[in-house]
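Chains as they are written, first to last, in the UniProt record's numbering: chain A, 1 to 236; chain B, 1 to 236. Using N, Cα and C, we set each Cβ at its ideal position, and we do this for glycine too. This structure is a prediction, so every number in the text was calculated from the model and none was measured.
Number of protein chains: 2
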Amino acid sequence: MADSKTSPPTAYEQPIVTVDIVLLTLKENELCAALLQRPRPPHLGEWTLPGGFVHTDTDEDALAAATRILKTKAGVESPYLEQLQTFASRHRDSRGWSVSIAHYALVPHQTLSAEGGDASPLKWRAVDSIRSLPFDHRDILRAAVDRVRSKTDYSSLPVHLMPPTFTLSELQKVYETLLDTELDKRSFRRRIEELDVVEPAPNPPATRGAHRPAQMYRLKRKASNAVATADRNLTR
Amino acid sequence: MADSKTSPPTAYEQPIVTVDIVLLTLKENELCAALLQRPRPPHLGEWTLPGGFVHTDTDEDALAAATRILKTKAGVESPYLEQLQTFASRHRDSRGWSVSIAHYALVPHQTLSAEGGDASPLKWRAVDSIRSLPFDHRDILRAAVDRVRSKTDYSSLPVHLMPPTFTLSELQKVYETLLDTELDKRSFRRRIEELDVVEPAPNPPATRGAHRPAQMYRLKRKASNAVATADRNLTR
């Protein structure tokens with residue numbers, strides 16, 4: 001590409017470019033974010049959002065960088081992952097003018113337990129209990145939580161927090177936790193049907209004499225990395 | 001800040017960091033975007049979105065960079081301005097791995113005519129007529145237009161395209177243009193009232209014998225750089 005460098009990119013010092021990720025899950029009905037301990041200064045030993053520099057030699061784009069960082073640093077593969085917002089200023093990092101292309105990711109708690117177990121380097125903290133974080137990571141966390149909560153009100157986003165199969169009551173409980181309100185069962189079910197993202201899963205064989213189990217649901221294949229939106233909010 | 005450089009930012013080549021802006025206005029009932037002719041390679045002489053490098057010495061943050069670029073390169077001051085999305089990849093710029101922190105801005109056509117006149121370097125093109133642009137600028141344009149149209153459906157965003165005073169019929173026409181659909185007058189007016197962003201403006205003195213003029217409205221002061229959102233869409 002040297003031959004296309006007909007003008008030097010800039011006479012100015014270039015900003016540092018990082019990708020930070022707000023990785024969210026639901027544990028015991030609480031929305032939790034993953035923190036990682038910093039292995040180097042600045043903020044050596046403190047807990048921050050998972051993040052890292054863009055590797056211009058191997059990362060195709062920002063999403064690829066986020067995917068790599070989640071996999072190599074947090075041990076998490078193929079979560080629901082989306083760009084959030086970019087935080088870019090002279091003040092957010094002591095090392096100089098810096099850009100964080102922030103992303104957020106959702107992962108079912110059940111997947112995490114299966115993958116990482118006790119060897120995981122992640123510490124999960126209830127988002128509402130996190131009072132401060134190094135850099136501007138609390139602002140990034142807040143923006144992600146606001147985004148997830150507001151999208152919950154008009155979309156299928158929370159399905160990406162569910163285990164492989166679940167009941168509609170369990171899904172409703174997740175919506176209620178994120179929205180911090182109770183929902184009417186009938187209008188919730190009508191909404192989920194309209195969004196068209198879940199389908200009945202084969203139920204496990206009934207145990208003799210047991211009550212008929214609740215119908216289990218699973219994500220439709222087309223919805224596995226997508227979000228369907230409604231034309232009005234669940235809450236008013 | 002040298003003393004805080006306890007670790008070198010990175011061993012990797014750093015990406016180029018730019019800010020690009022989709023500047024939109026309504027001209028004769030068409031949504032139009034501003035293009036500028038590139039003064040240097042790559043794409044010398046071609047028309048692109050206004051943009052430029054972050055000036056780490058003078059720009060406080062990305063929004064300040066966008067404001068500076070609009071003012072110095074496009075001659076536009078204090079439009080409604082918001083971050084859109086970041087486009088970051090190895091392929092979007094021939095000069096190397098690059099980041100564009102893309103923004104979008106809305107400006108009333110009347111303001112433009114008053115400010116720039118014929119001396120303006122901007123070329124305005126109807127967004128739907130723009131088939132290709134250098135770099136990935138057509139993708140950025142498309143993302144901005146999609147954002148504006150979808151926000152129009154549930155927010156007060158289009159008020160930032162209006163002149164200082166306007167009638168509710170004129171505002172409805174702007175919504176209808178952006179949504180590409182006709183709206184019911186009564187439900188549109190109820191919506192605007194709910195959003196609480198406009199107020200009656202003093203009408204000019206009536207000309208003797210003329211019909212009573214339509215009530216003029218203006219943006220409320222609190223809404224001058226904000227967007228109010230509704231809990232359901234105007235269209236279904």
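What is the rounded straight-line gap between the Cα of residue i and the Cα of residue j?
i, j, result
"E199 (chain B)", "V227 (chain B)", "15 Å"
"S150 (chain B)", "L35 (chain A)", "34 Å"
"L63 (chain A)", "L31 (chain A)", "23 Å"
"F188 (chain B)", "L234 (chain B)", "8 Å"
"E176 (chain B)", "W47 (chain A)", "49 Å"
"K27 (chain A)", "P158 (chain A)", "13 Å"
"P213 (chain B)", "A143 (chain B)", "39 Å"
"L161 (chain A)", "P108 (chain A)", "4 Å"
"residue 250 (chain B)", "L112 (chain B)", "Residue 250 (chain B) lies beyond the stretch modelled for chain B, which goes from 1 to 236, so this question has no answer here."
"G51 (chain B)", "S98 (chain B)", "13 Å"
"L71 (chain B)", "R138 (chain A)", "The sequence shown places Lys at residue 71 (chain B), rather than the Leu named in the question. Rounded to the nearest angstrom, the two C-alpha atoms are 32 Å apart."
"P42 (chain B)", "A74 (chain B)", "19 Å"
"Q85 (chain B)", "D146 (chain B)", "12 Å"
"D93 (chain B)", "D136 (chain B)", "8 Å"
"Q215 (chain B)", "F166 (chain A)", "56 Å"
"E194 (chain A)", "L141 (chain B)", "31 Å"
"V17 (chain B)", "S78 (chain B)", "23 Å"
"S169 (chain A)", "I192 (chain A)", "11 Å"
"H211 (chain B)", "R190 (chain B)", "25 Å"
"N203 (chain B)", "E82 (chain B)", "32 Å"
"A66 (chain A)", "P15 (chain A)", "18 Å"
"F53 (chain A)", "S100 (chain A)", "9 Å"
"S129 (chain B)", "A119 (chain B)", "24 Å"
"T56 (chain A)", "N225 (chain A)", "26 Å"
"residue 237 (chain A)", "R186 (chain A)", "For residue 237 (chain A) there is no data in the structure shown, the boundaries of chain A being 1 and 236."
Which residue's Cα is closest to the Cα of residue i: the options?
i, options, result
"A102 (chain A)", "B:T18, B:R92 and B:A88", "B:A88"
"L44 (chain A)", "A:L141, A:L133 and A:A66", "A:L133"
"E60 (chain B)", "A:D59, A:H91 and A:L195", "A:H91"
"D231 (chain A)", "A:T86, A:K123, A:D153 and A:N225", "A:D153"
"residue 238 (chain B)", "B:P50, B:G51 and B:K220", "Residue numbering for chain B in the displayed model covers 1 to 236; residue 238 (chain B) lies beyond these limits and cannot be assessed."
"L171 (chain B)", "B:V148, B:L141, B:T18 and B:R218", "B:R218"
"V148 (chain B)", "B:K222, B:L106 and B:T56", "B:L106"
"R40 (chain A)", "A:A119, A:R68, A:Y80 and A:R95", "A:R95"
Quick one: what's got a C-beta closer than 7 Å to residue i's C-beta in the same chain, skipping five residues either side?
i, result
"A2 (chain A)", "With a pLDDT of only 36 at A2 (chain A), under 50, the local geometry of the prediction cannot be trusted, and no value is derived from it."
"K5 (chain B)", "Per-residue confidence for K5 (chain B) stands at a pLDDT of 39, beneath the threshold of 50, marking its modelled position as unreliable; no derived number is given."
"P8 (chain A)", "With a pLDDT of 45 at P8 (chain A), under the threshold of 50, the predicted position of this residue should be treated as unreliable, and no value is reported."
"S156 (chain B)", "L195, V197, A223, V227 and A228"
"L178 (chain B)", "L31, V148, R149, T152 and P158"
In chain C, which residues lie less than 7 Å from residue i when you measure between Cβ atoms?
i, result
"R190 (chain B)", "Annotation note: the requested chain C is absent from the structure, which comprises protein chains A and B."
Between which residues of its own chain and residue i is the CB-CB distance below 6 Å, once the five residues before and five after are set aside?
i, result
"A126 (chain A)", "E30 and C32"
"T58 (chain B)", "none"
"Q110 (chain B)", "P163"
"E13 (chain B)", "none"
By Cβ distance below 8 Å, which residues in the same chain neighbour residue i in space, the five residues on each side in sequence not counted?
i, result
"P121 (chain B)", "L36, Q37, K73, A74 and G75"
"K173 (chain B)", "N29"
"I69 (chain B)", "V19, I21, P50, G51 and G52"
"Y104 (chain A)", "I21, V22, L23, L24, L81, E82, L84, A144, R147 and V148"
"K123 (chain A)", "A34, L35, L36, Q37 and W47"
Report whether the distance from the Cβ of residue i to the nearest heavy atom of the ligand GTP is below 6 Å.
i, result
"I101 (chain B)", "In terms of ligand content, the structure shown is empty, and the ligand GTP therefore cannot be addressed."
Does the stretch 13-24 of chain B come close enough to the stretch 172-186 of chain A to have 3 or more Cβ pairs within less than 8 Å?
no
What residue ranges within the stretch 134-161 of chain A form continuous alpha helix (DSSP H) runs of no fewer than 4 residues, ordered along the chain?
137-152
Every unbroken beta strand (DSSP E) inside the UniProt domain "Nudix hydrolase" (14-148) of chain A [3 residues or more]
16-27, 30-37, 51-53, 80-89, 98-106 and 123-126
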